[in-house]
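**Q** Sharing a structure here in structure tokens format.
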Amino acid sequence: MYAQVNTLALYGLQGVVVQVEIDLAQGLPGFEIVGLPGHSVREAKDRVRAAMRNCGLEFPQKRITANLAPAHLRKEGSGFDLGLALGILVAEEQIPPQRLNGVALVGELALDGTLRSVRGLLSLALGAREHGFYTLVAPASCAQEAALVSGLQVIGAESLRDVVLWLMGKKELPPVRPHDSAEPALPSGREDFSEIKGQPHVKRALEIAAAGNHNILLIGPPGSGKTMLAKRVPTILPPLTARESLQVTQVHSVAGLRTANGGLMQTRPFRTPHHTISSGGLIGGGTIPRPGEVSLAHGGVLFLDELPEFRKSVLEMLRQPLEDAQVTISRTQATYTFPSRFLLVAAMNPCPCGYYGSDYKTCSCTPVQIAKYQSKISGPLLDRIDLHIEVPRVTYQDIVNQTQEPSSRDIGARVLMARDVQAKRFPDRTSPYNASMSSSDTRFFCELGPDARSLLEKSFDVLGLSARAYERVLKVARTIADLAGSAAVEEAHVAEAVQYRSLDRHPTL
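Position in the sequence shown (from 1) plus 932 gives the number in the numbering used here.
Now the structure itself:
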């Protein structure tokens, strides 16, 4: 006896259809799973047997062969359990096969037959819709996530028994409706730039970084406010667009980090990995590749505090995500791609003791120690960071000053205005930011007048800028012009952009 049902497997962010073929034959009772199953899939036969028995369903005493097709793709995870169990029941003629036409099945079985949630259900639901399925049966505990996909009926079930009764027409399982309310875009009690005294030039640099999605490096002594400033960057970024919200939710779902109510994520991610993180934790990886911090920060901010304390090999891994806005992880059987378009905000001390160049405390480091400390950040990585800004110590006068500081709302309004200009400039792009301009875009949209060109030429020679750094200066100048409401990039805009290359002006701060 033969039966076939459909389930889905997760490959990166893609949901791929897997056909579960069941053959029941006479002979010694046994249960064999073929089709390149991983370790967790091979364990499914014990879960399926126990779940069926504890749900009062008959497990056939026959030789059972289950094939997961296509056989060239490695199958990992526990989401095939429900498909295997129902495939056996269809082969045993306990369930009419026509009831499963156009239906995809996803879910892990507990030994008592209850259905447990699986990670990446949003991606699996999108894959089901793309492959023409009109119904997805999933665990009730995470079905709200799948219900976010329009054009797909999602049935949430608590147990294997519920699914069997529904397929036999003996129980009604209503389609799951998505929650009307998603998580709040601006959580209450959020931090605000108005709480930070002084540092006007640093706030200006962060405004430029947010407006054009430019990566930024904050350099200053301990206690100067680098971390406080970085934590407030998300408060000046515009809310996620519908497309961004879906993709951010998708990435977090694949990583097993779902929202509390199963709705779309509306707040931009803010990720702060510790400097002891491994390359796999930062970029992503594992036998079953999962998103790393750079992908979890997609659409938001990746904050790397104490940048030189990260292992140099880990920092060098940032090059591809910063350049391509995606991460590619290769395995023997497949290649996985995760999005990683984020705003990098990094912070560092100027030397190991933190007080090199300080006007209030003497540095105890030798020139060799300072050079070694700063050399942990390679030139190619620095070239990919558009703004290098010095963060000085806050003075007593700044602290006691009663002047009202600009709020995140005020700064965010200017950022939104500049981003709207860029969106009109690049209407058909997924990344319509000045930081993402190509070389041809830079030549066309950053055309300079004679004075601005002369200033940039002098700066190029004096600072020894690389070709990449030269383009970065032009892109930052374009963003400054957008914030000023100027159609042309003028000399003042170039002059300000050049000022934000501290490590080019002072190779050793």
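For each residue, glycine too, the CB sits at the ideal point set by N, CA and C.
Within the continuous beta strand (DSSP E) that includes L1236, where are the two ends?
**A** Residue numbering aside, residue 1236 sits at position 304 when the sequence shown is read from its first letter. Note, L1236: beta strand (DSSP E), 1233-1236.
**Q** Could you give the distance in angstroms between the alpha-carbon of A941 and the alpha-carbon of V980?
**A** For the purposes of this step, residue 941 is identified with residue 9 of the sequence shown, where counting begins at 1. For the purposes of this step, residue 980 is identified with residue 48 of the sequence shown, where counting begins at 1. Those two C-alpha atoms are separated by around 18 Å.
**Q** Can you tell me whether I1027 is buried or exposed? The criterion is at least 16 other CB atoms within 10 Å of its CB, across all chains shown.
**A** Working through the sequence shown from its first residue, we reach residue 1027 at position 95. With 16 or more other Cβ atoms within 10 Å, it is buried.
**Q** Jot down the residue ranges of each uninterrupted beta strand (DSSP E) in the segment 1246-1317, minimum 3 residues, whole runs only, in chain order.
**A** Qualifying beta strand (DSSP E) stretches, in chain order: 1258-1262, 1267-1271, 1275-1280.
**Q** Could you please give me the residues that DSSP links to E964 through a beta bridge?
**A** Sequence index remark: in the sequence shown, residue 964 carries index 32 (1-based). Beta-bridge pairing links E964 to T997.
**Q** Check whether the Cβ atoms of S1272 and S1307 lie closer than 9 Å to each other.
**A** Locating residue 1272 in the sequence shown gives position 340, where the first residue counts as 1. Locating residue 1307 in the sequence shown gives position 375, where the first residue counts as 1. No. Outside cutoff.
**Q** Using alpha carbons as the reference points, say which of A1303, L1054, Q993 lies closest to L1178.
**A** Numbered from its first residue, the sequence shown carries residue 1178 at position 246. Among A1303, L1054, Q993, the Cα nearest to that of L1178 is on L1054.
**Q** Let me know the secondary structure DSSP gives I1148 once reduced to three states.
**A** What you label residue 1148 is simply residue 216 of the sequence shown in a count that begins at 1. Strand.
**Q** Ignore the nearest five residues each way along the sequence and tell me which others in L1196's own chain have a CB closer than 7 Å to its CB.
**A** For the purposes of this step, residue 1196 is identified with residue 264 of the sequence shown, where counting begins at 1. Only L1080, A1114, S1177, L1178, T1181 meet the Cβ criterion.
**Q** In the DSSP output, which residue or residues are listed as bridge partners for T939?
**A** The sequence position of residue 939 within the sequence shown is 7, counting from 1. For T939, which the question treats as bridged, DSSP gives the partners V950, L1037.
**Q** Whose C-beta lies closer than 6 Å to the C-beta of A1003 among residues of the same chain, with five residues either side of it excluded?
**A** Taking the sequence shown and counting its residues from 1, the one referred to as residue 1003 is at position 71. Once the five neighbours on either side are set aside, the close Cβ partners of A1003 are G967, L968.
**Q** Can you have a look at E1077 and say buried or exposed, based on whether 16 or more other CB atoms are within 10 angstroms of its CB?
**A** As a working note, residue 1077 is residue 145 in the sequence shown. The residue in question, E1077, is buried, as its Cβ has 16 or more Cβ neighbours within 10 Å.
**Q** Going by Cα to Cα distance, which pick from A1057, G1144, A1017 is closest to F1274?
**A** In the sequence shown, counting from the first residue as 1, residue 1274 sits at position 342. Checked all of A1057, G1144, A1017; the closest Cα to F1274 is G1144.
**Q** Taking the straight line between their C-alpha atoms, what separation do you get for R1433 and R1222?
**A** Here residue 1433 corresponds to residue number 501 of the sequence shown, with the count starting at 1. Here residue 1222 corresponds to residue number 290 of the sequence shown, with the count starting at 1. Using only the alpha carbons, I get a separation of about 35 Å.
**Q** Starting from the Cα of K994, find the closest Cα among E1024, D1013, G1213 and give me that residue.
**A** Taking the sequence shown and counting its residues from 1, the one referred to as residue 994 is at position 62. Looking at the Cα atoms, E1024 is the closest of the given residues.
**Q** Quick one: grab the DSSP three-state call for G1216.
**A** The sequence position of residue 1216 within the sequence shown is 284, counting from 1. Note: G1216 maps to strand in three-state DSSP.
**Q** Below 8 Å, can you find three or more Cβ-Cβ pairs linking the segment 1168-1177 to the segment 1375-1383?
**A** Not touching, per the Cβ criterion.
**Q** Could you tell me whether the Cβ atoms of D1315 and N1366 are closer together than 9 Å?
**A** To locate residue 1315, count along the sequence shown from 1; it is residue 383. To locate residue 1366, count along the sequence shown from 1; it is residue 434. Cβ distance not < 9 Å, so D1315 and N1366 don't count as in contact.
**Q** Does DSSP classify F1202 as helix, strand or coil?
**A** Your numbering for residue 1202 matches position 270 in the sequence shown. Correct three-state label for F1202: strand.
**Q** Compute the distance between the beta-carbons of V952 and A983, then report whether it is under 9 Å.
**A** For the purposes of this step, residue 952 is taken as the residue at position 20 of the sequence shown. For the purposes of this step, residue 983 is taken as the residue at position 51 of the sequence shown. No, Cβ-Cβ distance for V952 and A983 is not below 9 Å.
**Q** Residues in its own chain within less than 6 Å of C1074 by CB, not counting five upstream and five downstream?
**A** Looking up residue 1074 in the sequence shown gives position 142. S1049, L1053, listed in sequence order.
**Q** Using the C-alpha atoms, what's the distance from T1260 back to T1267?
**A** Walking along the sequence shown from the start, residue 1267 turns up at place 335. Walking along the sequence shown from the start, residue 1260 turns up at place 328. Answer to the nearest angstrom: the Cα atoms are 7 Å apart.
**Q** Any idea if Y1066 is buried or exposed, counting beta-carbon neighbours within 10 angstroms, 16 or more meaning buried?
**A** Reading the sequence shown from its first residue, position 134 is the one you call residue 1066. That one is exposed.
**Q** Please classify E1389 as buried or exposed, where buried requires at least 16 neighbouring CB atoms within 10 angstroms.
**A** Position 457 of the sequence shown, counting from 1, holds the residue named residue 1389. Exposed is the call here.
**Q** Using C-beta distances below 6 Å, list every residue in its chain close to S1296, excluding the 5 sequence neighbours before and after it, in chain order.
**A** For this step, residue 1296 is matched to residue 364 along the sequence shown. Excluding residues within five positions, the ones whose Cβ falls inside 6 Å are C1285.
**Q** Quick one: is D1013 buried, meaning 16 or more other Cβ sit within 10 Å of its Cβ, or exposed?
**A** By one-based count along the sequence shown, residue 1013 stands at place 81. It counts as buried.
**Q** Which same chain residues, not among the five before or five after G1011, have their C-beta less than 8 Å away from its C-beta?
**A** Translated into the one-based positions of the sequence shown, residue 1011 becomes position 79. Same-chain partners within the cutoff: T939, L940, A941, L942, V1038, G1039, E1040, V1050, L1056.
**Q** Taking DSSP's pairing of strands, which residues face E1322 in a bridge?
**A** Translated into the one-based positions of the sequence shown, residue 1322 becomes position 390. DSSP output for E1322 lists I1151 as bridge partner(s).
**Q** Kindly indicate which residue of P1132, S1185, A1001, H1207 has the alpha-carbon position closest to the one of F1235.
**A** On the sequence shown, position 303 is the one that residue 1235 refers to. It is H1207 whose Cα lies nearest to the Cα of F1235.
**Q** Once you ignore the five residues that flank F991 on each side, which residues in its own chain have a CB closer than 7 Å to its CB?
**A** Here the question's residue 991 lines up with position 59 in the sequence shown. Once the five neighbours on either side are set aside, the close Cβ partners of F991 are R981, M984, R985.
**Q** Just curious, the alpha helix (DSSP H) that L920 is in, first and last residue?
**A** Nothing about residue 920 can be read from this structure; the chain reaches only from 933 to 1441.
**Q** Can you tell me which of the three DSSP states S1113 falls into?
**A** If you number the sequence shown from 1, residue 1113 lands on position 181. Confidence at S1113 is low in this model, with a pLDDT of 49, below 50, so the placement of that residue should be treated as unreliable; the coordinate-derived value is given next. Of the three classes helix, strand and coil, the one that applies to S1113 here is coil, per DSSP.
**Q** Indicate the three-state DSSP secondary structure (helix, strand or coil) for T1167 in the structure shown.
**A** Working through the sequence shown from its first residue, we reach residue 1167 at position 235. Note: T1167 maps to helix in three-state DSSP.
**Q** If you compare alpha carbons, which of Y1305, L1313, Y1328 is closest to R1404?
**A** On the sequence shown, residue 1404 is found 472 positions in, with the first residue counted as 1. Considering only alpha carbons, the answer is L1313.
**Q** Expressed to the nearest angstrom, what Euclidean distance is found between the alpha-carbon atoms of M1100 and M1160?
**A** Residue mapping note: residue 1100 aligns to position 168 of the sequence shown, counting from 1. Residue mapping note: residue 1160 aligns to position 228 of the sequence shown, counting from 1. Taking the straight line from one Cα to the other gives about 59 Å.
**Q** Under 9 Å, do G1059 and G947 count as touching if we go by C-beta distance?
**A** Counting from one through the sequence shown, the residue named residue 1059 turns up at place 127. Counting from one through the sequence shown, the residue named residue 947 turns up at place 15. For G1059 and G947, yes; Cβs fall inside 9 Å.
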